[in-house]
Structures are given as C-alpha cells and as structure tokens.
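Engineer: Sharing a structure, written as structure tokens. Questions coming.
Protein chains: 2
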Amino acid sequence: MARTKGSDSKLTELRIRKVALNLFSQYGYAAVSMRRIASKLDLQVGTLYLYTPNKQALLFDLLKTHMDSVLKNWGLENVEIEPDKRLKAFTKFHIRFHIGRIEHVNISYNELKNLTGENFDHVNSLRSEYEKSLEEILTFGRDQGYFDIQDVKLTGLAIIAMLNGVLKWYRTDGRLSLDDVEEIYSEMAYKSVMIVDN
Amino acid sequence: MARTKGSDSKLTELRIRKVALNLFSQYGYAAVSMRRIASKLDLQVGTLYLYTPNKQALLFDLLKTHMDSVLKNWGLENVEIEPDKRLKAFTKFHIRFHIGRIEHVNISYNELKNLTGENFDHVNSLRSEYEKSLEEILTFGRDQGYFDIQDVKLTGLAIIAMLNGVLKWYRTDGRLSLDDVEEIYSEMAYKSVMIVDN
DNA sequence: GTCTATATCCCGATAGAC
DNA sequence: GTCTATCGGGATATAGAC
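So the protein lines, in turn, are chains A and B.
In terms of this note's numbering, the first sequence has 27 at position 17, counting the first letter as 1, and numbering is strictly consecutive.
In terms of this note's numbering, the second sequence has 204 at position 194, counting the first letter as 1, and numbering is strictly consecutive.
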C-alpha cells in the first residue's frame, strides 16, 4: 500500500474540494470558514493554502468544473436527436445528470452571487450557454409548430427552475425511483409547452 | 412636520427591516454584517440592537412576517373557488402576490438554512402549510379526474419551483407586462398536470 | 434615541519550524 | 506535506455617555 508523495497530494486536493463542496452546499459559502473545512479533514488551516490560493478560488473551481462537466456531457448527447424529441432528451438528461450532484446544483444556483467580478462573469456565461441550448430547442419546436410558447427565454428559465426544484427536494425515500422521477418531470416539462385545443 | 419620539422609533424600525431585507436578499444573510446594515442607514451599529435583540432575530422576523402575510392573503382568496379553477387561482395568486416581493422570495428560499433550530422549524412549518394548500388542490383535481398526477408532493414542489424561478429572474424590461407573466406561467403550470391523450 | 468605546471572538491569509 | 504561531482586521454584541 505504498503511496507516493504525489498521490497523497492529489488525494488531499480531492478531499478538500469534496468537503468544501459539501459544506458550501449545506451552510452557504459565506457561512463556512476555511478553519471549518480544515477541521472536517483533520488538517490545519494553513495546509489548505497549499492547494488553493484563497477561499474564493475554491468556490470558483467547484462551480467552473461543474459547469464544464454539464456542458461537455450534454454536448455528447445533444447530437443526432430527432427534432421533436429534443426537449424530452434535454429534460431527461438534466434530471439524470444532476440527480447525483445535488450539492453542485445547490451551489450553482445559490452561491453564484459570491463570485467576484471576472469569476462571476465566467461561470455565468457557462450557465447562459447551457440555458441557451434549451432555448434553441424551444425556439425550434415553436417554429416547427410543436410547441405553444409565448416567451422562449422565460419559458426556458421556468423549465430549468422546475427541474432544479425537484432535484433539490427529491430524496430517495423509497416512494419513487430515479427512473420514475426522470419520466414524471420530463413529462411535466413537455406538457407545459404543448399545444392544446381550447 | 413635528415628529413624536414614538413615530421616529417606529420609522427607524421599518427602515432597518427594509435595508436588512434588501441586503440579505442581494448578498445573503451570512455575508451581510450588522455594521453594513447600520452604515447604509447612517446609523451606528449599537443602535440596531435597540430594535432587534440580534442578527438572527432580524432574519427570523423578516421570514415569519412574510410567510404570515402569504398565508393570510391566500386564505382570503382561497374560498368559494370552483374546484376546476382552483389551480389557476393558486398559480395566479402566487405570481401576482410575489412579483412585487422578489426580495422576500429570495430570502424565503435561500436563507432558511441560516435559521437556528426553533426558528427554522417555525418558518418551515408555515411554508409547509402553504405548500400543503397547493397539494390539496392537486389531490382534489386528480381525484375528480381533472389532472394526471403521479406524485402530488413532488408535483407541488415542481410547480412552486417553476413559479419562483420565473419570479426571481423576471425583470420589467418591457418585453412582458405583469399580466402577461401571470397568464403565461399559470397556463404553463396548469398544462403541466393536464390529462393528455397519447 | 443615538453615539462612542470596547469586550470577546473568529475570520482569511502568511511565515517559518519540522 | 503538514504543523504551529501569528498578523491584521472585522464580526456580534454590550456598556455607558450624551
């Protein structure tokens, strides 16, 4: 079980990021001190600064890495989907991808305001990019006569807000499986923009 | 323009609450210091403690007062509504009531975690009560054959999350009037639980 | 009713020992 | 690679002058 110095270092870095994510998600960035993060890892606070230049960079890294991951994975799926199935594909991807990443979802939507200038702009543009890919689906669907949408931007925000709401509050308490959740809420999102006869 | 001591005191209390709400909403409870609240009011920090026993009580008061107000106003409307119109009534009420209270919405959903023990339980139970009134509407609608709902609790959360998402991001930028927003999103919520033929 | 001054503590970050 | 010790500052909250 020999461990090199390098692998120890890499491991410590991962553990720091994991604990920071957990605490930021649970108590909020501003309420969590570097001492508290260190304490939970049985480290001294000075040690943290070998792995991150400051607290802000820790948050920025978590947010940027997550958004990069979201965009990359959605990009891999968002090809060669038949037009009328694109919205369902998006909503199912969104739920499936994020349901095991509740802590990332929490900080992505609650802690953006704690990023400073450039950091905020960077992460915000990544999020806009993701939202834009949904807006394109909605616009296309409307133009092709599939959907009844009055305002694409707000409709996109509404759908993502709905899906995130479910993600945040969903607990695996046995009532519903992940498959159930995925199906139910992608269906709800789909129906919310459907054309209906009155 | 004579002002009594009493009215000055009442005014100061209101100003403190208003500024605290504004700052908590914008930067988050944990990131806002008592000094900052005082500074924005051209007061010294000691003065704040004449009007609130501590910072926590300031947050609790804002959250409790808001939730009491929500429940009271919805209670006044939620009478004598024809069963099949109850969901639309709820969603329209929710949007109309909250759209001028964005800061309250922000703290209600972001700062709950900063309430301590009893305070959290109290405000959380008020929120549950409000959510429960939506769940009752959904359950009734499903039992009467109006709605296609697989899980009432998560559906309720999804609808409220969707509506709140719109509230948070909606800006009066001229594209849409408040009436438009109210109509569009109560319609989306309604359609999301509608029965459709496949 | 508000201010000044202060007690007590915790914060982010750094220097240097081991 | 991690620790101890510490700097400088800002936090909540209180005491007492005016």
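Where a beta carbon is used, it is the ideal one built from N, C-alpha and C, also for glycine.
1) Identify every run of the beta strand (DSSP E) within the region 16-76 of chain A, keeping only runs that are complete inside it and at least 3 residues long; order them along the chain.
2) Hey, A:Val29 and A:Leu51: beta-carbon distance below 8 Å or not?
3) Using a Cβ-Cβ distance under 8 Å, would B:Ala99 count as near chain A?
4) At least one CB of chain A closer than 8 Å to the CB of B:Gln66: is that the case?
5) If you measure between the beta carbons of B:Glu23 and B:Tyr61, is that distance less than 8 Å?
6) Can you list, in chain order, the residues of its chain with a C-beta nearer than 8 Å to that of B:Ile170? Leave out the 5 residues immediately preceding and following it.
7) Would you list, in sequence order, the uninterrupted alpha helix (DSSP H) runs of no fewer than 4 residues that lie entirely inside the region 112-184 of chain A?
8) Select from the region 182-200 of chain A all residues with a C-beta closer than 9 Å to any C-beta belonging to chain B, and list them in chain order.
9) Please report the Cβ distance between A:Arg219 and A:Glu192, rounded to the nearest whole angstrom; I am assuming they are in contact, meaning their Cβ atoms lie under 8 Å.
10) Measuring only between beta-carbons, confirm whether A:Ser202 sits less than 8 Å from chain B.
11) Between the Cα of B:Glu92 and the Cα atoms of B:Ile147, B:Pro63, B:Leu69, B:Val203, which residue gives the shortest distance?
12) In terms of residues, what are the limits of the alpha helix (DSSP H) holding A:Ser187?
13) So what does A:Met204 bridge to, in DSSP terms?
14) Would you kindly work out how many angstroms separate the C-alpha atoms of B:Leu177 and B:Asp190, rounded to a whole number?
15) Evaluate contact between the region 70-86 of chain B and the region 42-51 of chain B, counting only Cβ atoms and requiring at least three cross-stretch pairs below 8 Å.
16) Got a sec: is the Cβ-Cβ distance from A:Asp161 to anything in chain B below 8 Å?
17) Note down the Cα distance separating A:Thr57 from B:Ser187, rounded to an integer number of angstroms.
Structural biologist: Let me spell this out:
1) Within the region 16-76 of chain A, complete beta strand (DSSP E) segments of at least 3 residues are not found at all.
2) yes
3) no
4) no
5) yes
6) His104, Glu141, Leu144
7) The region 112-184 of chain A contains these whole alpha helix (DSSP H) runs: 112-120, 127-153, 162-179.
8) Of all residues in the region 182-200 of chain A, the ones placed with a Cβ closer than 9 Å to any Cβ belonging to chain B are Arg185, Leu186, Asp190, Val191, Glu193, Ile194, Tyr195, Glu197, Met198, Ala199, Tyr200, in chain order.
9) In this structure chain A extends from 11 to 208, so residue 219 of chain A is not present and cannot be described.
10) yes
11) Residue B:Ile147 is the option with its Cα nearest to B:Glu92.
12) Counting along the chain, A:Ser187 falls outside any alpha helix (DSSP H), and DSSP gives it neither H nor E.
13) A:Phe157
14) 13 Å
15) Under the 8 Å Cβ criterion, the region 70-86 of chain B does not count as touching the region 42-51 of chain B, having fewer than three qualifying pairs.
16) yes
17) 53 Å
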